[in-house]
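Data block below; observations after.
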Amino acid sequence: MTESNRLAALESFRILGTPPEEMFDEVAKLAAQICSCAEGFLTFVDAEIAWCKSSSSMPKAIPRSASFSEIVVSNRDIVIIEDTLKDGRFKTKVFASGTKPFRFFAGAPLITLEGDCLGALAVMDYSPRKFSELETENLRLLSKTTMSLLEMRTKFLLRETMGEAMNRGGNAFLHGLLENLADGVVACDEKGELILFNRASRELHGLHEAPVDSTKWGEYYRLFQPDGTTPLQSEEIPLFRAFRSETVKDQEMFVRRRDGSGVRLLASGNRLQNIDGTLGGAVIVMRDVTKRFEDEKELRAAKEAVEKLNLDLEDKIQVRTHELRNSERRYRSILEQSPFPVQIFTVDGLARQVNRAWENLWEVPEGYGSANWVGRYNILNDPELTHLGVLDTIKIAFAGNAVSVGPVQYKPSEIGTYGKIRWIQMIINPVRGADGSVLEILVVSMDVTDSRVAEEKIRSNERLLQAIIDNSSAVIYVKDLEGRNVLTNRAYETIFNLPPGGAIGRFDFEIFPAEISGKLREMTYA
């Protein structure tokens, strides 16, 4: 990962210079409480400065070279300094000197899905001390939770910006936005003919769009199953599936470019529907996951090595059993203080504990969860989850594998007369004992109702804009800076007697006689 890529990733989150936000302040406080430290803070490291997003006492910005978090960004891993005065790297750090210096530091990196380190979630104390394995793991988990919150915040801001800009800029904005998206976007009209193939799609495939019959898409664009050798049949191609009204979610496929290189993609999409309910075509969004696939292979290899190492550590784990039992009481206390709604279930699905944040989420009185849910409610027997089609996924977690569920629109009928219908996303993790057996199931809920409402507004605007373009009687066409047609509507194709998409990717002189193309050029650039 280069420094320029890291800074670009940091800029994309639009977090630098923003005012305090409660959810990040709560994370910093929770980190300090969990680790029994005097100070918890959240810092993002720019090219020249370290900017403190959340802290009760830290200055908002200090030189990058003077920041503790710079060391975490350089290491890209958890950094633990039991005594800063004994570590030469801290001689130039402003908080390691003075009348009341910080003597202990522990920081976990904030790493994006693409592997860029943005900064650190860290804790500090005024006295040297040891840092347990449990504290280390808790700090690591909190840093991952912080990145999830940051990504959700960024998606929400992007959706708000898109909605406002689309209302202002219309089709020109939509076309410019699609051309500059990092993900590939491909769409076809109601006849199954390609009408959109943005820049990222062209780069992923190493090809421009072409008026190819849908039965030839797989052969022309060289689409294969994830194994990279089995060709995709027409009915298996994501865009073809979406056109047939199937919902496509993270379908993996392999594209072999003409130059021999290959790229692994995840595709998701749906059919497009006009305002009057008729078929408007289909759209697919493709994401390059080649690097992630390779990273996962390395991660699996590393996990196997760790599991082998764990076999050699079983004796030590047995010695620490008593310590872990004491830690469990502290673990329960942490859950109660957590700002995130948390439920704990037995391996049979029976509710064992809920925290106050969960009661706040559903607007129930304090203590309601313990009195009415614990020992009574069974998540594996919830008819609402069955109706939503997510119960089978939840059962995977109860079988011992972490899962993410949703977002789903949950009706709180099992909660009683309290609460409102909300869009909920759940992260479900099994909690294992020293022998690897599942002891209980931890469910962390996130309210994404506001995000879903914003997303629906954007979709509505997109459908309206698309319908306006397709049904306009005015001749509409858009050219790139070189003069190629990148968008035409039906009126344009009709007046010039062109087949659907017949002008896309072509110059006027390739379509019309010189006299007509010259006049069109004069009109376009007048």
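Counting in the numbering used here, the sequence shown runs from 1045 upward without gaps. The beta-carbon is built from N, C-alpha and C at its ideal position, and this holds for glycine as well.
Q. Whole alpha helix (DSSP H) runs in the stretch 1407-1443 with 4 or more residues, listed along the chain?
A. The stretch 1407-1443 contains, as complete alpha helix (DSSP H) runs of 4+ residues, the segments 1412-1416, 1427-1432 and 1435-1442 (chain order).
(Q) For Asp1233, report the span of its alpha helix (DSSP H) as first-last. (A) Counting along the chain, Asp1233 falls outside any alpha helix (DSSP H), and DSSP gives it neither H nor E.
Q) Would you say Leu1162 and Val1089 are within 9 Å of each other, going by their C-beta atoms? A) It is a contact, given that the beta carbons lie within the stated cut-off.
Q.
With the cut-off set at 9 Å, would you say Trp1261 and Ile1281 are in Cβ contact?
A. Taking 9 Å as the Cβ cut-off, Trp1261 and Ile1281 qualify as a contacting pair.
Q: Could you tell me which residues DSSP pairs with Ile1468 in its beta bridges?
A: According to DSSP, Ile1468 shares a beta bridge with Val1452 and Asp1491.
Q | Residue burial classification, Ala1076 (beta-carbon count within 10 angstroms, cutoff 16) | A | Residue burial is scored here from C-beta neighbours: Ala1076 has at least 16 other C-beta atoms within 10 angstroms and is therefore classed as buried.
Q. In whole angstroms, what separates the C-alpha of Pro1557 from that of Asn1242?
A. CA-to-CA, the gap between Pro1557 and Asn1242 works out to about 29 Å.
Q) Of all the options Val1434, Asp1339 and Tyr1536, which has the alpha carbon lying nearest to the alpha carbon of Ile1471? A) The residue among Val1434, Asp1339 and Tyr1536 with its C-alpha nearest the C-alpha of Ile1471 is Val1434.
Q.
Between Thr1128, Gly1159 and Gly1084, which has its C-alpha nearest Arg1147's C-alpha?
A. Closest option to Arg1147, Cα to Cα, is Thr1128.
Q: Tell me, to the nearest whole angstrom, how far the beta carbon of Thr1489 is from that of Leu1424; I am working on the premise that it is less than 8 Å.
A: Reading off the sequence, residue 1489 comes out as Ser, not Thr. At roughly 17 Å, the Cβ-Cβ gap does not stay under 8 Å, so Ser1489 and Leu1424 are not in contact.
Q.
I need the straight-line Cα distance from Gln1269 to Met1297, nearest angstrom please.
A. Rounded to whole angstroms, Gln1269 to Met1297 spans 5 Å at the Cα level.
Q.
If I measure Cβ to Cβ from Asp1303 and keep anything under 7 Å in the same chain, skipping five residues before and after, which residues do I get?
A. Counting only residues of its own chain and dropping the five nearest sequence neighbours on each side, Asp1303 has a CB closer than 7 Å to the CB of Gly1250.
Q.
Quick check: the Cα distance between Lys1293 and Ser1312, rounded to an integer number of angstroms?
A. In this structure, the straight-line span from the alpha carbon of Lys1293 to that of Ser1312 is close to 4 Å.
Q) What first and last residue would you give for the alpha helix (DSSP H) that runs through Asn1445? A) From DSSP, Asn1445 is part of no alpha helix (DSSP H); its letter is neither H nor E.
Q. With C-beta atoms as the reference, is Pro1544 less than 9 Å away from Lys1335?
A. For the pair Pro1544 and Lys1335, the CB atoms are not nearer than the 9 Å cut-off.
Q.
Measuring alpha carbon to alpha carbon, tell me which residue in Ile1440, Ser1457, Lys1455 and Pro1456 is nearest Val1449.
A. The residue among Ile1440, Ser1457, Lys1455 and Pro1456 with its C-alpha nearest the C-alpha of Val1449 is Ile1440.
**Q.** Identity of the residues DSSP links to Met1567 by a beta bridge
**A.** Residue pairing by DSSP places Met1567 in no beta bridge whatsoever.
Q: Would you mind reading off the limits of the beta strand (DSSP E) that contains Glu1296?
A: Note, Glu1296: beta strand (DSSP E), Val1292 to Arg1300.
Q. Where Val1530 and Ile1539 are concerned, what is the direct C-alpha to C-alpha distance, given to the nearest angstrom?
A. Near 17 Å, if we compare the C-alpha coordinates of Ile1539 and Val1530.
Q: Select from Gly1151, Ala1415 and Gly1272 the residue whose C-alpha is nearest the C-alpha of Ser1305.
A: Closest in alpha carbon position to Ser1305, among Gly1151, Ala1415 and Gly1272, is Gly1272.
Q. Once you ignore the five residues that flank Leu1564 on each side, which residues in its own chain have a CB closer than 6 Å to its CB?
A. For Leu1564, where only same-chain residues beyond five positions count, the Cβ hits under 6 Å are Asp1552.
**Q.** Residue nearest to Leu1060 in terms of C-alpha spacing, selected from Asn1318, Ser1098, Phe1389 and Arg1344
**A.** Among Asn1318, Ser1098, Phe1389 and Arg1344, the Cα nearest to that of Leu1060 is on Ser1098.
Q: Helix, strand or coil for Tyr1521, going by three-state DSSP, please let me know.
A: Three-state DSSP puts Tyr1521 in a strand.
Q | Trp1467 to Ala1547 span [Cα, whole Å] | A | Those two C-alpha atoms are separated by around 43 Å.
Q. From Asp1233 to Ala1226, what does the alpha carbon distance come to, in whole angstroms?
A. Roughly 23 Å between the two C-alpha positions.
Q. Mind checking whether the beta-carbon of Arg1108 lies closer than 8 Å to any heavy atom of the ligand ADP?
A. The model depicted lacks the ligand ADP and carries no ligand whatsoever.
Q | Selected residue, minimal CA-CA separation from Glu1237, among Val1482, Gly1324 and Gly1084 | A | The closest CA to that of Glu1237, considering only Val1482, Gly1324 and Gly1084, is found on Gly1324.
Q | Distance between Ser1382 and Glu1403 (C-alpha atoms, nearest Å) | A | CA-to-CA, the gap between Glu1403 and Ser1382 works out to about 12 Å.
Q: With a threshold of 16 other CB atoms inside 10 Å of the CB of Ala1231, please say whether the residue is buried or exposed.
A: Taking all protein chains shown into account, Ala1231 has 16 or more neighbouring C-beta atoms within 10 Å of its C-beta and is therefore buried.
**Q.** Of the residues Asp1069, Arg1133, Ala1498 and Glu1179, the one placed nearest Ala1110, counting alpha carbons only
**A.** Cα-wise, what sits closest to Ala1110 is Arg1133.
Q: Leaving out five residues on either side along the sequence, give the residues of the same chain with a beta carbon under 6 Å from the beta carbon of Ser1495.
A: So the qualifying residues of the chain are Phe1200.
Q) Is the beta carbon of Asn1422 sitting closer than 9 Å to the one on Gly1444? A) Result no, Cβ atoms of Asn1422 and Gly1444 do not sit closer than 9 Å.
Q: Determine the extent of the alpha helix (DSSP H) in which Asp1169 is found, giving its start and end residues.
A: For Asp1169, no alpha helix (DSSP H) encloses it; the enclosing beta strand (DSSP E) starts and ends at Cys1161 to Asp1169.
**Q.** Exposure label - Ser1414; buried when at least 16 CB within 10 Å
**A.** Classified as exposed, Ser1414 has fewer than 16 neighbouring CB atoms from the shown chains inside 10 Å of its CB.
Q: Please go through the same chain and pick out, in chain order, the residues whose beta-carbon is closer than 7 Å to the beta-carbon of Ser1171, but skip the five residues on each side of it.
A: These residues qualify, in order along the chain: Arg1147 and Phe1148.
Q. Could you give the uninterrupted runs of the alpha helix (DSSP H) lying entirely in the stretch 1055-1112, keeping only those of 4 residues or more?
A. Qualifying alpha helix (DSSP H) stretches, in chain order: 1066-1078.
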